[in-house]
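Student: Below is a structure I'd like to ask you about.
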Amino acid sequence: MSNSDPNQLKPETLAVRAGSMRSQFGEHSEALYLTSSFVYENAAQAAARFAATEEGYIYSRFSNPTIDMLQSRLAALEGGQACIVTGSGMSAIMGCCMSLLKAGDHIVTANALFGATTTLFNTLFARFGVSTTYVNLTVPAEFEAAIQANTRLIYIESPANPLTEVADIAAISKIAKAHGVVLIVDNCFASPVLQQPLALGADIVVHSATKYIDGQGRVLAGAVIGSAQYINDQMYNYLRSAGPSMSAFNAWLLLKSLETLPVRMRQHCEGGLKVAQWLEARPQVKRIFYPGLPSHPQYAISQKQQTGGGGMIALELKSDSPEQGRERAWRLIDHCKVWSITGNFGDARSTITHPATTTHARVGEAARQAAGITEAMVRLSVGLEHPDDLIADLDRGLNW
Ligand SMILES: *Cc1c(COP(=O)(O)O)cnc(C)c1O
28 MSNSDPNQLK
38 PETLAVRAGS
48 MRSQFGEHSE
58 ALYLTSSFVY
68 ENAAQAAARF
78 AATEEGYIYS
88 RFSNPTIDML
98 QSRLAALEGG
108 QACIVTGSGM
118 SAIMGCCMSL
128 LKAGDHIVTA
138 NALFGATTTL
148 FNTLFARFGV
158 STTYVNLTVP
168 AEFEAAIQAN
178 TRLIYIESPA
188 NPLTEVADIA
198 AISKIAKAHG
208 VVLIVDNCFA
218 SPVLQQPLAL
228 GADIVVHSAT
238 KYIDGQGRVL
248 AGAVIGSAQY
258 INDQMYNYLR
268 SAGPSMSAFN
278 AWLLLKSLET
288 LPVRMRQHCE
298 GGLKVAQWLE
308 ARPQVKRIFY
318 PGLPSHPQYA
328 ISQKQQTGGG
338 GMIALELKSD
348 SPEQGRERAW
358 RLIDHCKVWS
368 ITGNFGDARS
378 TITHPATTTH
388 ARVGEAARQA
398 AGITEAMVRL
408 SVGLEHPDDL
418 IADLDRGLNW
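Quick note on the working numbering: the sequence shown kicks off at 28 and runs consecutively.
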């Protein structure tokens with residue numbers, strides 16, 4: 028019940044308008060329907076709603092007008108037919124996989140992966156007989172080589188956390204289609220403003236909306252976007268039965284967040300590029316990873332599939348040993364006054380993280396090595412502060 032045709036309008040307009048519904052009171056800003064259940068005129072209507080012979084709201088675990096507005100807006104921004112939102116990014120990933128997998132199935136994914144996703148695959152899914160093969164995100168042929176008779180999913184992030192490696196989504200999609208495998212892309216780093224994986228051939232997009240989509244570090248949220256058939260059938264049934272539901276209050280906050288997403292992303296890209304260019308010229312920096320810099324190993328692909336470099340930067344400091352690497356990384360972090368020391372990213376406030384000892388501590392040394400995450404590595408999320416202030420802060424921490 029969207030009041031706008033997603034095919035006609037530009038992303039800036041969709042971010043503000045798509046999916047809005049008005050009640051009989053004519054409110055301008057979207058209403059917050061903070062109610063667990065909905066009432067019926069009579070018993071027959073209740074029966075008709077439960078039998079799905081009459082459209083209408085039933086219970087907020089799986090149907091709520093504020094949530095519907097958010098789902099329509101996110102689907103429009105990703106260029107997808109339908110969307111289901113969940114209480115966190117992990118519950119979106121979990122739900123998406125649970126709605127598609129059964130015992131005995133196999134996942135092909137990349138070494139470069141959000142830490143909790145690796146843990147989900149290796150510990151929880153392994154217990155239920157789902158196996159996983161990890162390959163190099165940047166080599167499509169490795170995905171093809173890893174496909175087995177029981178492979179059901181290819182799961183990737185691009186750009187990936189934390190090193191911003193970029194996958195050739197169109198090439199991996201061709202492989203997935205040739206083998207009848209579902210391609211899921213976690214679009215959290217880029218946001219739908221910078222990249223639309225469905226248009227590149229992905230079947231399903233998942234989000235941690237906790238990051239850029241909220242963009243203000245207030246809520247945990249997730250989203251799954253895909254075909255109406257998949258979302259309204261498998262994913263809806265999972266949501267209704269398993270209940271990883273989002274609160275209507277959080278959905279209402281996210282509707283407000285989305286209004287500014289395109290403007291914020293433009294600013295994150297501008298600040299990200301400035302900080303990345305400055306860091307690249309520092310003698311203390313061994314390597315820098317930013318998809319908007321020509322030195323990025325997958326710069327050509329990122330230019331083709333993203334409309335901006337984003338706000339995420341990873342850098343590796345020069346060091347003679349892992350111990351010295353950690354010491355220098357922590358020194359940089361501890362000298363920051365403006366940057367927040369936290370694991371979150373995609374926030375208006377810039378954040379600085381040491382992945383090896385925080386976000387990627389639980390995955391273990393072997394997985395960190397495979398993903399190229401060293402002790403000397405620092406992850407930056409460039410926020411909306413003035414880049415000069417952010418650079419001055421980093422400059423203090425690079426004096427050794
Ligand atoms: C944060 C994050 C997640 C998990 O999302 P939560 O909202 O924290 O549950 C998944 N994937 C990526 C790439 C992330 O950065």
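Idealized CB from N, CA, C, for every residue including glycine.
1) Which of helix, strand or coil does DSSP assign to G142?
2) Measuring from the CB of T144, is there a heavy atom of ligand 1 at a distance below 7 Å?
3) So does the stretch 119–133 actually touch the stretch 61–69, counting three or more Cβ pairs closer than 8 Å?
4) Compare the Cα-Cα distances from G207 to each of I252, E184, Q175 and report the closest residue.
5) Could you check what DSSP says for H206 in three-state terms: helix, strand or coil?
6) Roughly how many angstroms separate the alpha carbons of D213 and A187, rounded to a whole number?
7) Start and end of the alpha helix (DSSP H) containing M331?
8) My output table needs one value for Y86: the three-state DSSP class, helix, strand or coil.
9) Can you tell which of A42, R49, F148, H387 has its C-alpha closest to the C-alpha of G370?
10) Using CA coordinates, which residue listed in A139, I258, V246 is at the minimum distance from I231?
11) Give the DSSP-derived three-state secondary structure of F152 in the structure shown.
12) Could you tell me whether any non-hydrogen atom of ligand 1 is closer than 7 Å to the CB of D213?
13) DSSP on N30, reduced to helix/strand/coil?
14) Roughly how many angstroms separate the alpha carbons of L164 and N149, rounded to a whole number?
15) Should L247 be listed as close to ligand 1, given that the test is whether its C-beta is under 7 Å from any heavy atom?
16) For F372 versus M339, is the C-beta distance shorter than 8 Å?
17) Is F52 close to ligand 2? I mean its beta-carbon at under 7 Å from any heavy atom of the ligand.
18) Using alpha carbons as the reference points, say which of P167, S50, S218, A278 lies closest to D195.
19) Expressed to the nearest angstrom, what Euclidean distance is found between the alpha-carbon atoms of A419 and L320?
20) Using only the alpha-carbon positions, how far apart do S284 and G337 sit?
21) Ligand 1 and S284: does the residue's C-beta get closer than 7 Å to at least one heavy atom of that ligand?
22) Going by C-alpha to C-alpha distance, which of A42, N91, I202 sits closest to R267?
23) Mark I94 as exposed unless 16 or more other C-beta atoms lie within 10 angstroms of its C-beta, in which case mark it buried.
24) Specify whether the stretch 350–360 and the stretch 315–329 touch according to this definition: at least 3 beta carbon pairs, one from each stretch, less than 8 Å apart.
25) Could you tell me whether any non-hydrogen atom of ligand 1 is closer than 7 Å to the CB of T237?
26) What are the boundary residues of the beta strand (DSSP E) that T405 is part of?
27) Determine the DSSP secondary structure at A308, reduced to helix, strand or coil.
28) Under 7 Å Cβ to Cβ from T145, same chain only, skipping five residues before and after it: list those, please.
29) Looking at the structure shown, is G399 part of a helix, part of a strand, or coil, going by DSSP?
30) Answer yes or no: the CB of S115 versus the heavy atoms of ligand 1, is any distance below 7 Å?
31) I'd like to confirm something about E105: is its beta-carbon nearer than 7 Å to some heavy atom of ligand 1, or not?
32) Where DSSP assigns a beta bridge to L316, which residues make up the other side?
33) For the structure I just gave you, are there three or more beta carbon pairs, one from the stretch 155–163 and one from the stretch 288–295, closer than 8 Å?
34) Can you look up V43 in the DSSP assignment and give me helix, strand or coil?
35) Quick check: what's the CA-CA separation for G298 versus G410?
36) So, are the CB atoms of M121 and P224 less than 8 Å apart?
Tutor: So, to answer that:
1) Three-state DSSP puts G142 in a helix.
2) Checking the 7 Å criterion, the Cβ of T144 is within range of a heavy atom belonging to ligand 1.
3) No, the stretch 119–133 is not in contact with the stretch 61–69.
4) Of the candidates I252, E184, Q175, the one whose C-alpha sits nearest the C-alpha of G207 is Q175.
5) DSSP places H206 in coil when its eight states are reduced to three.
6) C-alpha separation (whole angstroms): 9 Å.
7) In the sequence as displayed, the identity of residue 331 is Lys instead of Met. Element bounds for K331: 326–332.
8) Three-state DSSP puts Y86 in a strand.
9) The alpha carbon of G370 has as its nearest neighbour, out of A42, R49, F148, H387, the alpha carbon of H387.
10) The option with the nearest alpha carbon to I231 is I258.
11) F152: helix per DSSP, three-state reduction.
12) Yes.
13) Residue confidence for N30 is low, a pLDDT of 44 falling below 50, so the modelled location carries little weight; the figure read from the coordinates is stated next. Here N30 sits in coil by DSSP.
14) Rounded to the nearest angstrom, the gap between the Cα atoms of L164 and N149 is 18 Å.
15) Yes, the beta carbon of L247 sits closer than 7 Å to at least one heavy atom of ligand 1.
16) In this structure, F372 lies near M339, with their beta-carbon atoms less than 8 Å apart.
17) As for ligand 2, it is missing from this structure, which binds only ligand 1.
18) D195 has its Cα closest to that of P167, out of P167, S50, S218, A278.
19) Taking the straight line joining both Cα atoms gives about 21 Å.
20) About 17 Å.
21) No, ligand 1 has no heavy atom inside 7 Å of this Cβ.
22) Across the set A42, N91, I202, the C-alpha of N91 shows the shortest separation from the C-alpha of R267.
23) Around the C-beta of I94, 16 or more other C-beta atoms lie within 10 Å, and the residue is accordingly described as buried.
24) Counting Cβ pairs under 8 Å, fewer than three are found: no touch.
25) If you check the C-beta of T237 against ligand 1, you find a heavy atom less than 7 Å away.
26) The question names Thr, yet the displayed sequence has Val at residue 405. Counting along the chain, V405 sits inside the beta strand (DSSP E) bounded by residues 404–408.
27) DSSP places A308 in the coil class of the three-state scheme, outside both helix and strand.
28) Within the same chain, and ignoring the five residues on either side of T145 in sequence, the residues whose Cβ sits closer than 7 Å to its Cβ are V390, A394.
29) Coil at G399, not helix or strand.
30) S115: yes, Cβ under 7 Å from ligand 1.
31) No, Cβ of E105 sits at least 7 Å from all heavy atoms of ligand 1.
32) Checking the sequence shown, residue 316 turns out to be Phe, not Leu. Partner(s): A341.
33) Touching, no, given that fewer than three Cβ pairs across the two stretches are closer than 8 Å.
34) In this structure, V43 counts as helix in the three-state DSSP scheme.
35) Going from the Cα of G298 to the Cα of G410 covers about 7 Å.
36) The beta carbons of M121 and P224 sit no closer together than 8 Å.
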